Every structure is written in C-alpha cells, then in structure tokens.
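A.B. asks: Chains as they are written, first to last, in our numbering: chain Z, 39 to 535; chain G, 182 to 411.
All C-beta atoms, glycine included, are put in the ideal place defined by N, C-alpha and C.
From a predicted model like this one, the values you see are computed outputs, not experimental measurements.
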Amino acid sequence: MENRPLEYDYTVAKMFMFTTVVLGIVGMLVGVILAFQLAYPEVNTILGEGLAEYTNFSRLRPLHTDAVIFGFTFSGIWATWYYVGQRVLKVSMAESALLMFLGKLHFWLYLVGVAAVVVSLLMGITTSKEYAEFEWPIDIAIVVVWVIWGLGLFGLIGIRREKSLYISIWYYIATFLGIAMLYLFNNMEIPTMLATNAAGESGIGAWYHSVSMYSGTNDALVQWWYGHNAVAFGFTVPIVAMIYYFLPKESGQAIYSYKLSLLSFWGLMFVYLWAGGHHLLYSTVPDWMQTMGSIFSVILILPSWGSAINMLLTMKGEWQQVAASPLIKFMVLGSTFYMFSTLEGPIQAIKSVNAIAHFTDWIVGHVHDGVLGWVGFMIMAALFHMAPRVFKREIYSKSLMATQFWIQTLGVVLYFTSMWIAGITQGMMWRAHDEFGNLAYSFIDTVTVLHPYYTIRGVGGLLYLVGFLMFAYNMYKTMSARPVEESELQSASPMGA
Amino acid sequence: MFHWLEKHPFFFAVGVFLVISFAGLIEILPNFAQASRPVIGTAPYSTLELTGRHVYIKNSCNACHSQLVRPFKSETDRYGHYSLSGEYAYDRPFLWGSKRTGPDLWRVGNYRTTDWHENHMKDPAGVVPGSIMPAYTWMFTNKADVDTAYAEQLTVAQFFSVPYNKPVPMKDGSAKVVKMGNSVAEANALALAEAQVIAADMKDQNVKDAVARGEIPEIVALIAYLNSLK
C-alpha cells in the first residue's frame, strides 16, 4: 500500500471563500452607510431623491444584517467546513462524485438565494421578523440549501477514515441541527394566495405574501427564541468550530483540555436555548419566562468562557507567538472579544440593567463587539490560514495583515465604546424625571445628544471596512501574485502538520 | 459515554437535538393558548389599516420604532398605558421592534393626527427640529396594495378564526363589527371609503386627487394604520 498523505479537494471551499470576501464587503459597506445616515440624515438620499426609497435607512437595514449574517458569516462557515471537514475526517471530497456534486450544488443554489434576498429586501418584500425577513419562496430555497449541506455534511462523515469525530465536527453538526430547527419553527407561515373568498376568487394579491402562524406575544416569543439562538448557532457554535481547528493548527499547540471542551460543548447546547427570553424582559410574555431567560443568560457565561479559556490556555507557554504572528493575534483577540461579549450579554440580561439598556444603542454595541471582534476576526483568521494551503502560495503580505489587525481593532474599540456611552446616555435620559415628577427630556433631546457618538461609531465602522478591504486585497494578491509552492506549506510546529 | 458518542455520529446528532430542543418546548408551549386571546377592546385591523400595516413593514419602520410600552413610569408618562398581551392578538407578525431610534408607536393614535403625520412623513426635521428620520416622499405617490391586505384578512379569518364581520366586545360595553369584503371589488370599495375619511384631513392635492379617482396612495393607508394604534 502506498504511503503518502491525502490530497484534499478544495474546489467548494474556494467558492465559499470568494463569497465570504465579496458579501463581507457588501454587508459592511451597507453597515457604514447606515451608520453615517444616523449621524448625517442627508446620507439617506445619497443617490438622489429619486432613489431615496432604496437608499434610506429603514430599507437598507435588513440588507445589512442579512448580508453579514447569511452572506459573510455563513459563507465563512461553509468555506471552513469544506476545508476542515475533509482534513479532520481524513477523507477527500474528490473521493465521492456525489459529495462533490452536492457541494457545488450547495454553492450555486446559495448564490441564487443570495440574489433573491438582495432584490426582495430592496423592494421592501419582508416579513419584518429580524434575521428571518424572507418570504416563503425564499424560505423554501433556504431549506433546500440547508438540506443539501446536511447531506454533504453527514455524507462526508459517513465515508470518514478517522472514526472519532474531532471537536470542530461536533460544533458543525450542532450548527446544522440548531439552525434547521430554529428556522423551520420561526418561519411557519401561510401563503395568502391560498385563501378563497365568498365570491370564489383566490390567488388574490401578491403571490409571495404570507402571514405568520403565530400572533402577537407568541410570535415575539418564537421570534426571539429564534433570533437569540440564530446568534448561538450562527455566531457562536460554528465560530467555536473554527477556532478549535485553526488555533491548534496555526500555533502548533494541542488543545489545552479535552474535558473542558466537553463541558463547554454540552453546556452550551443545553443552556443557550433557554436564554432567548432576555430579549423580552418587561414585555407581555409571562414573568417566569423572563426570569428564566435572565437566569440562564447568566449561567451561559460558564460554557462560553469554558471555550474561550480553553483557547487562551492552548497558547500557554507560547505567548511569544502572539507578538510574532498577526494570524495568532487575530485568533487570540477574537477569543478575548468572545469572553468580553459573553460577559456583556449576561449583564444586559439582568432585569434591572435591561430596563436601561433595552431599545438603546448599547445593544447594538454588544452585537458589534461580538461580530466584529469575534466572528469577523475568526473568519478572517481562518481564511488567512487556509489561503496558503488552498492556493499553494504564501500569504502575499504579512505586514499588511498586521496593519489590518491594528486598524480593525481600533475600529471595534471606537464602535463599542461610543455605543456604550450612547446607549446608557439614552437609557438614562428616557427615564429621567424632574423635581415635579414630569419627564425631564422630550424624545428628540435623547436623539440629538447622540450625534457625536453616532459619528464616532461611523468612523469605527469605516476603519473596520478599510481593514476588510485590505484583507480582500491581500487574499486576491495571495491568489494571483505569489509563485506556486511545490508542496503544501508546513505549519508552525510538527504538532500543527 | 462521550467517547462512544464521538464515534457514532447518528446518536451524537440525536443527543444534540434532544438537548437543544426541550428548552423551547418548556418555555414556549405552556402559555401558547393563553397568549393568543384578545383583551376586550381589541378588534382586528380593517382593510385599509392592514394595508397601511404592510406599508409600515415594507419600509421596515420597525427597524427604528418599537410598539411595546414597558411597565415603567417613564414609559407610561411618555407613551400611555403599558402593553397588555391580549392587545397583540391580531398582530401577525408582531412589531415590537428591538431598537428605539425613534419613539414608541404602540399608542401613537392617541396623540398624533392625520395632519401631523402628513407633514412629518414629508419632512420630519421640519416638524421635529433635529430629527434624524428620513423623509418618506415616495409614499405620497406609490399606490397601496389593498388586494394583498384583503388576501391576508381572508387567510386569518379562515385559518385563525379572526372575527371579521362579527361583533367584537368593546371597553364601553358596545360591540364593534370590522367589515371584510366578500369580493376583491367590495374589499377595495371598503378601503376606499376609509381612505376618503383620511384624505379629507390631508393637504396634499395630489393625494386628494388620487383618492378622488379611486386610487389609494401608500401614505393614506399608513396614516389609517398609525391612527388605529391606540
């Protein structure tokens, strides 16, 4: 028997790397435009009065969230899956024509879905539910894409050589199952074209319109069970999958503790789903649900920090790598932002804090220190690690990478500090009463006071976007400018090979 | 056990699914029926109001405006009585929002008028100096989609027994009947009759002319919806 290392096939991984970069630019660019619209309302008519309907804040806002979630993040998740999956299961995509076909079908159908989403959101076709804005035809397309990924995922697991599933695979499986469950239940809706009236007319009105199966308080409960846990299974679980693979590989260090990874995985799975109620504190959902949401949010610190501490301790004794390698910097700061964000979230979920924080920009700040600092950094780090191995070329510029790191870190810090101040300022002003017991401020006072913070946030977002463009340029040059290496690039140490 | 699970992906996946699914069952199901019941005084949306609700959703007004008054003095002072679960029984989808870049709108019908909305939607900063809300000028020319709202009324009446054409108890002891057309033509006629009442209070001549011609601009439907929030 011939004794040579496996050759992996990265065709599908490359396709998703491409959409990660492109949709990342789109989503972040729209985000920066939105930020400046809040600071300078004239930006709403940036393309003139005639196109104002399509460039104003409210029409663009779902496009921003969906482009960065379902565009950038999910492309990143799949790019890494089609890379990591093969390597830890010790099987190549090229070994199965069916799996290769499914992988490509997955990508192309996904691309069709993305196009449909962009067009429909710009036209204002939306169900209004956050991160679930798509009407039923697109929902069906998303389910198909998801099932195809699932077939590929379990297919590859089915033909694996390495019998034991590595930690990253646990998290990819959980991502698949979690999103499937959440998405299906939150998008239960009835197409209105099915209704018939007394006159026998049917198919009335827009064919794509639908109405939610849940109403009012129930709808809110299901939506935030989804909304909160889509964050769990989109922004946490698959990103943890990435860091469990890429940090040990890049640093050459073994995972610090297997037991800690077990505890964090099963703990995260169990606890996360209960915490959705913290989006509905002081709303009309029953008090016991709110309290459960609050308590489980605080408990959630344990499994979240379990993963993050496991990552940081993996670097034990090797901290000089943080100074030496920009790629390690991204991952270590990513883990740190993860710890930071998973502490901030539970604080906001405490009822008395939530009374001030809810509906304010502090929440926006929280989301962004999580996604910019943790999700974004980790996905870029993963792609930086993959590129030399996928394209068989060294990274074009390490110094560009280091510059990008510092620019983006500054961007994130400006973003969340300004949003903290904005959120707490606004929350305190809303509730302030004067000595006669009347409201101290009219609502507009609490808007105009935010202008400087909105401006700083816009600058922070712009810096992050500039860093992302540097990332895109670096990736492009890596693909095209460097000579092809004879053999696959070796990792930092024998452990990482 | 964990080592065994890691070698058996099927059972691993089943295990994960069990662990992640029962939080939802315990938190969502027990209160489901209770939370669907309307309180007295809550009536379904009329054809034009529902059309306006679609305009609200189409423009993601919920991205900046909440529709949920929390039980704090500062909120009841500013917006009126705190929200009750049953008030939302006919809200599909719910529109509580998650961010108050602008004020809450759940009871805006109590303290703003058609005239105020008309001026404000055309030029927000002209009405509220310092406002960062964009103008929504296209709503004055875009035609509202009454048919889709009517299809939604039919759907909720058929599938969820929403009481259209039936008496609904009001707070003062009277009963209110929200009419739904028996045909597309009748639904449009009902919406137009409502639109004429709104347009009578408006200044924009193009809007008035459109309604006189039998057309309903989006702004008229939106104002009907906002006025219904009480």
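Should residue 191/G go down as buried or exposed, given a rule of 16 or more other Cβ atoms within 10 Å for buried?
C.D. replies: For the purposes of this step, residue 191/G is taken as residue 10 along the second sequence, with counting starting at 1. By the 10 Å Cβ count, residue 191/G comes out exposed.
A.B. asks: Alpha carbons only, please: which of 380/Z, 504/Z and 336/Z is nearest the one belonging to residue 346/Z?
C.D. replies: As a first step, residue 346/Z must be located in the first sequence, where it is residue number 308. It is 380/Z whose Cα lies nearest to the Cα of residue 346/Z.
A.B. asks: Pair every Cβ in the stretch 244-251 of chain G with every Cβ in the stretch 261-273 of chain G, then say whether three or more of these pairs are closer than 8 Å.
C.D. replies: yes
A.B. asks: So, does the CB of residue 535/Z fall closer than 9 Å to a CB anywhere in chain G?
C.D. replies: The count along the first sequence starts at 1 and reaches residue 535/Z at position 497. Confidence in residue 535/Z is poor, its pLDDT being 36 and thus under 50, which makes the residue's placement too unreliable to answer from.
A.B. asks: Compare the C-alpha of residue 284/Z against each of 365/Z, 219/Z and 220/Z and name the closest.
C.D. replies: To locate residue 284/Z, count along the first sequence from 1; it is residue 246. Ranked by how close their Cα comes to the Cα of residue 284/Z, the residues 365/Z, 219/Z and 220/Z have 365/Z in first place.
A.B. asks: According to DSSP, simplified to helix, strand and coil, what is residue 398/G?
C.D. replies: The residue you call residue 398/G lines up with position 217 of the second sequence. Strand.
A.B. asks: Looking only at its own chain, which residues have a Cβ that is under 6 Å from the Cβ of residue 116/Z, when we skip the five neighbours before and after it?
C.D. replies: Working through the first sequence from its first residue, we reach residue 116/Z at position 78. If we look at residue 116/Z and ignore the five residues flanking it on each side, its Cβ neighbours are 54.
A.B. asks: Count the other CB atoms, across all protein chains shown, that sit within 10 Å of the CB of residue 442/Z; report buried if there are 16 or more and exposed otherwise.
C.D. replies: Here residue 442/Z is taken as the residue at index 404 of the first sequence, counted from 1. With 16 or more other CB atoms across the displayed protein chains lying within 10 angstroms of its CB, residue 442/Z is buried.
A.B. asks: Under 7 Å Cβ to Cβ from residue 92/Z, same chain only, skipping five residues before and after it: list those, please.
C.D. replies: What you label residue 92/Z is simply residue 54 of the first sequence in a count that begins at 1. The residues are 160.
A.B. asks: How would you write the range of the beta strand (DSSP E) that residue 348/G sits in, first residue to last?
C.D. replies: Here residue 348/G refers to the residue found at position 167 when the second sequence is read from its first residue. Taken as a continuous stretch (DSSP letters only), the beta strand (DSSP E) holding residue 348/G covers 348-350.
A.B. asks: Going by the beta-carbon positions, is the gap between residue 361/G and residue 334/G smaller than 9 Å?
C.D. replies: What you label residue 361/G is simply residue 180 of the second sequence in a count that begins at 1. What you label residue 334/G is simply residue 153 of the second sequence in a count that begins at 1. Yes, they are a contact pair.
A.B. asks: So residue 82/Z contacts chain G; which residues on that side make the cut at Cβ distance below 7 Å?
C.D. replies: Position 44 of the first sequence, counted from the first residue, corresponds to residue 82/Z. Within chain G, the residues near residue 82/Z are 315.
A.B. asks: Which chain G residues sit within Cβ distance under 7 Å of residue 99/Z?
C.D. replies: Within the first sequence, numbered from 1, the residue matching residue 99/Z stands at position 61. Per Cβ cutoff of 7 Å: 241 and 244.
A.B. asks: Ignoring anything shorter than 4 residues or poking outside the stretch 284-367 of chain Z, list the alpha helix (DSSP H) runs there in chain order.
C.D. replies: With a minimum length of 4 residues, the continuous alpha helix (DSSP H) runs that stay inside the stretch 284-367 of chain Z are 296-310, 325-337, 339-352 and 358-362.
A.B. asks: Using a Cβ-Cβ distance cut-off of 9 Å, determine whether residue 482/Z contacts chain G.
C.D. replies: To locate residue 482/Z, count along the first sequence from 1; it is residue 444. True, the Cβ-Cβ gap to chain G drops below 9 Å.
A.B. asks: Which residue's Cα is closest to the Cα of residue 409/Z: 470/Z, 315/Z, 138/Z and 450/Z?
C.D. replies: Start at 1 with the first residue of the first sequence, and residue 409/Z comes out as number 371. Cα-wise, what sits closest to residue 409/Z is 450/Z.
A.B. asks: Under 9 Å, Cβ to Cβ, is there at least one residue of chain Z near residue 269/G?
C.D. replies: Here residue 269/G refers to the residue found at position 88 of the second sequence. Cβ-Cβ to chain Z under 9 Å: yes for residue 269/G.
A.B. asks: Quick check on DSSP: helix, strand or coil for residue 96/Z?
C.D. replies: In the first sequence, the residue the question calls residue 96/Z occupies position 58. DSSP places residue 96/Z in helix when its eight states are reduced to three.
A.B. asks: Helix, strand or coil for residue 247/G per DSSP?
C.D. replies: The residue given as residue 247/G occupies position 66 in the second sequence. The answer is coil: DSSP assigns residue 247/G none of H, G, I, E or B.
A.B. asks: Leaving out the 5 sequence neighbours to the left and right, which residues in its chain are closer than 6 Å to residue 119/Z when beta-carbon positions are compared?
C.D. replies: In the first sequence, residue 119/Z corresponds to position 81, counting from 1. These residues qualify, in order along the chain: 210.
A.B. asks: On the three-pair Cβ rule with 8 Å, is the stretch 340-358 of chain Z touching the stretch 368-377 of chain Z?
C.D. replies: yes
A.B. asks: Within its chain, find whatever has a CB closer than 6 Å to the CB of residue 234/Z; leave out the 5 residues flanking it on each side and keep chain order.
C.D. replies: The count along the first sequence starts at 1 and reaches residue 234/Z at position 196. For residue 234/Z, where only same-chain residues beyond five positions count, the Cβ hits under 6 Å are 240.
A.B. asks: Kindly give me the distance between the Cβ atoms of residue 319/Z and residue 332/Z, rounded to whole angstroms, as I take these residues to be in contact under 8 Å.
C.D. replies: Residue mapping note: residue 319/Z aligns to position 281 of the first sequence, counting from 1. Residue mapping note: residue 332/Z aligns to position 294 of the first sequence, counting from 1. That belief holds up - the Cβ atoms of residue 319/Z and residue 332/Z are roughly 7 Å apart, short of 8 Å.
A.B. asks: Quick check: is any heavy atom of the ligand ADP less than 8 Å from the C-beta of residue 418/Z?
C.D. replies: Ligands displayed in this structure: none; no statement on the ligand ADP is therefore possible.
A.B. asks: Inspect the CB distances between the stretch 47-61 of chain Z and the stretch 118-137 of chain Z and report whether three or more fall short of 8 Å.
C.D. replies: yes
A.B. asks: Quick check on this structure: which residue in 396/G, 188/G and 214/G has the alpha carbon closest to the alpha carbon of residue 322/G?
C.D. replies: For the purposes of this step, residue 322/G is taken as the residue at position 141 of the second sequence. The closest CA to that of residue 322/G, considering only 396/G, 188/G and 214/G, is found on 396/G.
A.B. asks: For a minimum of 4 consecutive residues, which ranges assigned as the alpha helix (DSSP H) are wholly contained in the stretch 481-510 of chain Z?
C.D. replies: Within the stretch 481-510 of chain Z, the complete alpha helix (DSSP H) runs of at least 4 residues are 483-486.
A.B. asks: According to the neighbour-count rule (16 or more other Cβ atoms, all chains shown, within 10 Å of its Cβ), is residue 522/Z buried or exposed?
C.D. replies: The residue labelled residue 522/Z in the question sits at position 484 within the first sequence. So residue 522/Z ends up on the exposed side.
A.B. asks: On a CA-only basis, which of 332/G, 273/G and 183/G is nearest residue 231/Z? Give me that one, please.
C.D. replies: Counting from one through the first sequence, the residue named residue 231/Z turns up at place 193. That would be 332/G, whose Cα lies nearest to the Cα of residue 231/Z.
A.B. asks: Do we get a CB-CB distance below 9 Å when we pair residue 298/G with the residues of chain Z?
C.D. replies: Translated into positions along the second sequence, residue 298/G becomes position 117. Not closer than 9 Å to any Cβ of chain Z, the Cβ of residue 298/G fails to qualify, so no.
A.B. asks: For residue 469/Z, decide whether its Cβ has a neighbour in chain G, counting only Cβ atoms nearer than 9 Å.
C.D. replies: Here the question's residue 469/Z lines up with position 431 in the first sequence. Interface residue, yes.
A.B. asks: Exposed or buried, what is residue 302/Z when buried is set at 16 or more other beta-carbons lying within 10 Å of its beta-carbon?
C.D. replies: The residue you call residue 302/Z lines up with position 264 of the first sequence. Here residue 302/Z is buried: its Cβ has 16 or more other Cβ atoms, across all protein chains shown, within 10 Å.
A.B. asks: Mind checking which residues open and close the beta strand (DSSP E) that includes residue 128/Z?
C.D. replies: Stepping through the first sequence from its first residue, residue 128/Z is reached at position 90. Taken as a continuous stretch (DSSP letters only), residue 128/Z belongs to no beta strand (DSSP E), as it is neither H nor E.
A.B. asks: List, in order along the chain, the chain G residues whose C-beta lies closer than 9 Å to that of residue 324/Z?
C.D. replies: Translated into positions along the first sequence, residue 324/Z becomes position 286. Simply 211, 212, 215, 216 and 266.
A.B. asks: Using DSSP with H/G/I as helix, E/B as strand and the rest coil, what is residue 356/G?
C.D. replies: The residue labelled residue 356/G in the question sits at position 175 within the second sequence. Strand.
A.B. asks: Closest Cβ-Cβ distance between residue 399/Z and chain G: below 9 Å?
C.D. replies: Here residue 399/Z is taken as the residue at index 361 of the first sequence, counted from 1. Interface residue, yes.
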